[in-house]
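For reference, the structure discussed in these notes is given below.
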Amino acid sequence: MIAIKAENISKSYRLGTISAGRLREDIRHWLKKQPVEDHLVWALKDVSFEVNQGEVMGFIGNNGAGKSTLLKIISRIAAPTSGRVFGKGRVASLLEVGSGFHGELSGRENIFLNGNILGMKKREIQACFDEIVAFSGVEQFIDTPVKRYSSGMYMRLAFAVAAHLNPEILVVDEVLAVGDVEFQRKCLGKMKEISGRKGKTVLFVSHNTQALLNLCDRVITLHKGQLIDEGKPAEVIGSYLKNLQSDYLYQEYDTPDAAPGNDYIRIKKVSLQYDTELFDIRTPFIIRFECWYADRDPGSLIAGIHLFNMAGECIFDVASKGTSLQPGLISGECRIPGNFLNNGAYYLSIVFVKDTTTRLFYFEGCLSFNVEDYRENTAWFGKWMGYVRPDFPVILNQQDVV
Amino acid sequence: MENKDAWEWEISSGTKWFQWRLSEIWHYKDLLLRLVRRDLIANYKQTLLGPFWVFLQPVLTTLVYYLIFGRIVKVSTSGIPPILFYLSGILFWGYFSDCLNGTMYTFLQNANVFSKVYFPRLIVPLSSVISHTVRTVIQLLLFIFIYQYYFSQGGITGSYYILLTPVLLLITAGFGLGAGLIVSVLTARYRDLDYTLQFLLRLFMFATPVVYPASIVPEQYQILFWLNPLTAVIETFRAGFFSNEPVYILHLLFSCVEVLLLILVGITLFKKQELKVMDVI
Numbered sequence: 001m002i003a004i005k006a007e008n009i010s011k012s013y014r015l016g017t018i019s020a021g022r023l024r025e026d027i028r029h030w031l032k033k034q035p036v037e038d039h040l041v042w043a044l045k046d047v048s049f050e051v052n053q054g055e056v057m058g059f060i061g062n063n064g065a066g067k068s069t070l071l072k073i074i075s076r077i078a079a080p081t082s083g084r085v086f087g088k089g090r091v092a093s094l095l096e097v098g099s100g101f102h103g104e105l106s107g108r109e110n111i112f113l114n115g116n117i118l119g120m121k122k123r124e125i126q127a128c129f130d131e132i133v134a135f136s137g138v139e140q141f142i143d144t145p146v147k148r149y150s151s152g153m154y155m156r157l158a159f160a161v162a163a164h165l166n167p168e169i170l171v172v173d174e175v176l177a178v179g180d181v182e183f184q185r186k187c188l189g190k191m192k193e194i195s196g197r198k199g200k201t202v203l204f205v206s207h208n209t210q211a212l213l214n215l216c217d218r219v220i221t222l223h224k225g226q227l228i229d230e231g232k233p234a235e236v237i238g239s240y241l242k243n244l245q246s247d248y249l250y251q252e253y254d255t256p257d258a259a260p261g262n263d264y265i266r267i268k269k270v271s272l273q274y275d276t277e278l279f280d281i282r283t284p285f286i287i288r289f290e291c292w293y294a295d296r297d298p299g300s301l302i303a304g305i306h307l308f309n310m311a312g313e314c315i316f317d318v319a320s321k322g323t324s325l326q327p328g329l330i331s332g333e334c335r336i337p338g339n340f341l342n343n344g345a346y347y348l349s350i351v352f353v354k355d356t357t358t359r360l361f362y363f364e365g366c367l368s369f370n371v372e373d374y375r376e377n378t379a380w381f382g383k384w385m386g387y388v389r390p391d392f393p394v395i396l397n398q399q400d401v402v
Numbered sequence: 001m002e003n004k005d006a007w008e009w010e011i012s013s014g015t016k017w018f019q020w021r022l023s024e025i026w027h028y029k030d031l032l033l034r035l036v037r038r039d040l041i042a043n044y045k046q047t048l049l050g051p052f053w054v055f056l057q058p059v060l061t062t063l064v065y066y067l068i069f070g071r072i073v074k075v076s077t078s079g080i081p082p083i084l085f086y087l088s089g090i091l092f093w094g095y096f097s098d099c100l101n102g103t104m105y106t107f108l109q110n111a112n113v114f115s116k117v118y119f120p121r122l123i124v125p126l127s128s129v130i131s132h133t134v135r136t137v138i139q140l141l142l143f144i145f146i147y148q149y150y151f152s153q154g155g156i157t158g159s160y161y162i163l164l165t166p167v168l169l170l171i172t173a174g175f176g177l178g179a180g181l182i183v184s185v186l187t188a189r190y191r192d193l194d195y196t197l198q199f200l201l202r203l204f205m206f207a208t209p210v211v212y213p214a215s216i217v218p219e220q221y222q223i224l225f226w227l228n229p230l231t232a233v234i235e236t237f238r239a240g241f242f243s244n245e246p247v248y249i250l251h252l253l254f255s256c257v258e259v260l261l262l263i264l265v266g267i268t269l270f271k272k273q274e275l276k277v278m279d280v281i
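For the protein sequence lines, the chains are A and B, in the order given.
Those letters in the first sequence? Residues 1 to 402, per the numbering used here, in order.
Those letters in the second sequence? Residues 1 to 281, per the numbering used here, in order.
Encoded structure:
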């Protein structure tokens with residue numbers, strides 16, 4: 001039985017800031033009944049799929065592939081520009097945890113408030129209230145205003161409410177991307193439990209390919225707003241990773257208008273360079289970037305590089321010193337030595353921070369690459385463990401002869 | 001299973017005019033009450049006087065108006081004790097402007113929640129109106145308490161028109177809600193409207209018989225003056241509590257019609273735009 005059927009959904013957004021120009025465009029639109037085509041960006045284009053009842057469907061794709069937009073449409077938060085979605089059963093969506101939490105109210109009040117916002121009835125919340133409190137582990141503070149909570153307690157309480165939602169169709173965005181490892185493990189466990197229940201349909205978006213492999217029955221790949229692959233998780237994720245790798249050693253944009261970024265920073269070029277024929281564990285490489293810096297109120301700028309493996313675990317986080325730069329073209333580089341990373345697939349993100357606190361732009365997953373294996377003088381070919389594979393000498397000595 | 005009737009819900013690009021889906025609001029009534037509760041509790045947290053502010057605000061304003069308009073400028077109150085006269089005007093004006101202010105920022109203030117969770121958006125303005133109603137009813141008790149003092153001293157009498165009070169409250173709330181819904185959609189798109197509106201709202205108070213009786217308005221402006229739905233509401237209220245003749249029943253009916261139309265336009269526009277607005281916030 002089909003629980004959700006999406007037919008040719010498309011969604012476009014208008015670019016540009018809200019200004020007098022908008023009002024003029026709006027009026028022109030009303031008068032002539034002609035769509036304003038100039039600044040349209042298609043977040044989704046002609047996406048159709050079906051999800052069976054009781055199935056866990058995963059969505060994967062690069063940033064800007066349209067995953068979140070798709071979930072928003074199914075959750076009724078955004079309307080599609082064209083196309084239709086049909087469905088059966090009550091939908092609850094978890095695009096963030098703790099929606100509507102109010103700092104002044106106690107934990108108890110917030111459980112009810114958040115539960116109601118997520119579509120639960122008072123009766124239902126009362127029925128599992130004790131369970132929620134126990135799961136969150138904040139019993140002692142249940143009558144304290146949540147603004148006094150630590151961020152960990154806050155997250156646990158928020159997730160505890162969400163975990164006790166009991167709709168027929170559950171829509172989950174990368175809620176799991178926040179919190180510490182322990183918390184993520186708990187969330188994944190709960191997700192597995194939820195999806196294991198009979199007849200529960202789950203739509204799940206994540207960057208964490210391990211989580212998708214573990215939880216999903218089927219996976220859909222989105223690329224630039226289009227559905228490009230659909231099928232068994234292992235196959236779809238495998239080919240997604242393969243494409244990702246060949247795609248992204250290099251990105252360059254000719255004009256600031258076309259480039260990713262915002263009013264402060266636009267990326268001109270990012271690249272990963274190495275001198276050898278083959279990129280293996282011995283190869284040193286350089287990450288280079290150039291960007292248009294257009295902050296009208298320039299401060300001390302920091303550029304950071306976050307490197308992740310394909311499971312989404314961060315391998316390292318390095319950053320430049322704070323540097324005062326004037327608007328214009330800026331560039332940077334980071335040299336990574338050979339004999340450092342273990343073999344495997346990686347992707348990296350570049351972050352720009354102003355005055356150590358304000359995040360100007362996070363260029364997520366902008367490059368990805370594959371480090372091939374290389375071994376000599378060994379007959380062992382199993383998977384080499386570890387995130388890094390440094391060439392530290394291990395010395396073995398004979399102390400004494402018996 | 002391809003039979004379209006078997007689907008329980010459908011999401012499509014165009015929202016139809018007049019697709020209000022009021023039954024859905026009933027489904028979310030727990031949320032509605034919860035939000036009212038949140039408003040009432042959270043508003044007075046960490047204030048020294050707590051819920052007493054409900055009383056203090058109108059009382060302080062009444063005293064100021066009494067000093068300025070009663071003692072210094074000496075505006076007529078058509079024989080009504082000045083304190084009660086100003087308090088009645090302030091009560092209804094406050095109720096209206098609270099309802100309007102509480103609903104006109106629906107999208108801007110809730111953009112965070114609205115972009116993450118679905119529930120009928122109409123719940124938010126409704127909850128705001130209900131929590132202001134609770135406050136106003138409490139203030140009305142204060143009014144009756146003071147009224148009863150003057151009544152026992154003699155000199156004022158009431159009439160059966162007092163019984164119209166709930167209707168008067170409904171009209172006032174409806175006016176605030178209807179106008180607020182329309183404005184909420186507009187301010188979300190064009191932010192500068194906000195400043196203009198706050199200014200106009202302050203002017204509008206003086207086009208409402210809050211600090212003066214309708215009778216002192218010059219003949220040539222009377223028609224314009226009665227177009228304001230609040231005029232008939234406040235005048236009828238005073239007519240009820242102070243046997244102040246004449247009673248403007250026809251005018252009141254006209255106000256009802258105006259407010260109903262406003263609500264109709266408001267809800268229709270709100271429902272039609274609730275999703276589209278979120279794209280531009």
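Where is the CB? At the ideal position from N, CA and C, for every residue including glycine.
{"Item": "Look at V51(A) and S75(A) and say whether their C-beta atoms are less than 8 Å apart.", "Value": "no"}
{"Item": "Using the DSSP secondary-structure output, state which residues sit across from K354(A) in a beta bridge.", "Value": "L301(A), T358(A)"}
{"Item": "Classify L95(A) as helix, strand or coil using the three-state DSSP reduction.", "Value": "coil"}
{"Item": "Got a sec: is the Cβ-Cβ distance from N8(A) to anything in chain B below 8 Å?", "Value": "no"}
{"Item": "Among all the DSSP beta bridges, which residues are the ones paired with T323(A)?", "Value": "L301(A)"}
{"Item": "Against chain B, which members of the region 72-91 of chain A pass a CB distance test of less than 9 Å?", "Value": "K72, I73, I74, S75, R76, I77, A78, A79, P80, T81, S82, G83, R84, V85, F86, G87, K88, G89, R90, V91"}
{"Item": "Is the Cβ of V117(B) closer than 8 Å to any Cβ of chain E?", "Value": "Of the protein chains in this structure, namely A and B, none is chain E."}
{"Item": "Are the C-beta atoms of K272(B) and some chain A residue less than 8 Å apart?", "Value": "no"}
{"Item": "Using a beta-carbon distance below 8 Å, is E245(B) in contact with chain A?", "Value": "no"}
{"Item": "Can you find the residues in the same chain that come closer than 7 Å, C-beta to C-beta, to V183(B), ignoring five residues on each side of it along the sequence?", "Value": "M104, L197"}
{"Item": "Go through its chain and collect everything with a Cβ distance to A78(A)'s Cβ below 6 Å, but skip five positions before and after it.", "Value": "K72"}
{"Item": "Run through DSSP, which three-state label would M153(A) get?", "Value": "helix"}
{"Item": "Under the three-state reduction of DSSP, which class applies to M104(B): helix, strand or coil?", "Value": "helix"}
{"Item": "With DSSP as the reference, label N397(A) as helix, strand or coil.", "Value": "coil"}
{"Item": "What is the DSSP secondary structure of A20(A), reduced to helix, strand or coil?", "Value": "Reliability of the predicted coordinates at A20(A) is poor, the pLDDT of 47 falling under 50, and the value obtained from them is presented with this limitation in mind. Three-state result, A20(A): helix."}
{"Item": "Helix, strand or coil for Y212(B), going by three-state DSSP, please let me know.", "Value": "coil"}
{"Item": "Can you tell which of L224(B), L100(B), P81(B) has its C-alpha closest to the C-alpha of F242(B)?", "Value": "P81(B)"}
{"Item": "Distance check for K116(B) and T17(A), CA to CA, integer angstroms please.", "Value": "Only weak support exists for where T17(A) lies, its pLDDT of 49 falling under 50; the coordinates are left without a value."}
{"Item": "Just list the beta strand (DSSP E) runs in the region 195-269 of chain A, keeping only unbroken ones of 3 residues or longer that don't cross its boundaries, in chain order.", "Value": "201-205, 218-223, 226-231, 250-252"}
{"Item": "Among I117(A), Q273(A), G328(A), which has the Cα closest to the Cα of R121(B)?", "Value": "I117(A)"}
{"Item": "Run through DSSP, which three-state label would D194(B) get?", "Value": "helix"}
{"Item": "Would you kindly check if the distance between the Cβ of F175(B) and the Cβ of M140(B) is under 8 Å?", "Value": "Before going on, a small fix: residue 140(B) reads as Leu here, not Met. No; because the gap between Cβ atoms is not below 8 Å, this pair is not in contact."}
{"Item": "Which full runs of the alpha helix (DSSP H) of 4+ residues lie inside the region 55-133 of chain B, going along the chain?", "Value": "82-104, 106-114"}
{"Item": "Run through chain B and tell me which residues come within less than 7 Å of Y13(A), C-beta to C-beta.", "Value": "D279"}
{"Item": "At a CB distance below 7 Å, what residues from the region 116-142 of chain A approach chain B? Give them in sequence order.", "Value": "N116, I117, L118, G119, K121, K122"}
{"Item": "When you compare the CB positions of L212(A) and V219(A), do they come within less than 8 Å of one another, or not?", "Value": "yes"}
{"Item": "Could you tell me whether any Cβ in chain B is nearer than 8 Å to the Cβ of G66(A)?", "Value": "no"}
{"Item": "With distance defined between alpha-carbon atoms, name the residue in R191(B), F114(B), L56(B), V124(B) nearest to R34(B).", "Value": "V124(B)"}
{"Item": "Return the chain-ordered ranges of every alpha helix (DSSP H) run that is complete within the region 40-102 of chain A and spans a minimum of 4 residues.", "Value": "67-74"}
{"Item": "Once you ignore the five residues that flank A20(A) on each side, which residues in its own chain have a CB closer than 7 Å to its CB?", "Value": "In this prediction, A20(A) scores a pLDDT of 47, lower than 50, which makes its location untrustworthy; the coordinate-derived value is nonetheless stated afterwards. There are no such residues."}
{"Item": "Rounded to a whole number of angstroms, what is the C-alpha to C-alpha distance between V277(B) and S12(B)?", "Value": "16 Å"}
{"Item": "Determine the burial state of V394(A): buried for a count of at least 16 other Cβ atoms within 10 Å of its Cβ, exposed for fewer.", "Value": "exposed"}
{"Item": "Roughly how many whole angstroms lie between the Cα atoms of V59(B) and R202(B)?", "Value": "19 Å"}
{"Item": "So what's F363(A) in DSSP terms, helix, strand or just coil?", "Value": "strand"}
{"Item": "Counting only beta-carbon atoms, is T17(A) nearer than 8 Å to chain B?", "Value": "Because the pLDDT at T17(A) is just 49, under 50, the model does not fix this residue reliably, and the point stays unresolved."}
{"Item": "Compute every distance between the C-beta of F206(B) and the non-hydrogen atoms of the ligand ATP, then say whether any falls below 7 Å.", "Value": "Within the structure as shown, the ligand ATP is missing, as the structure has no ligands at all."}
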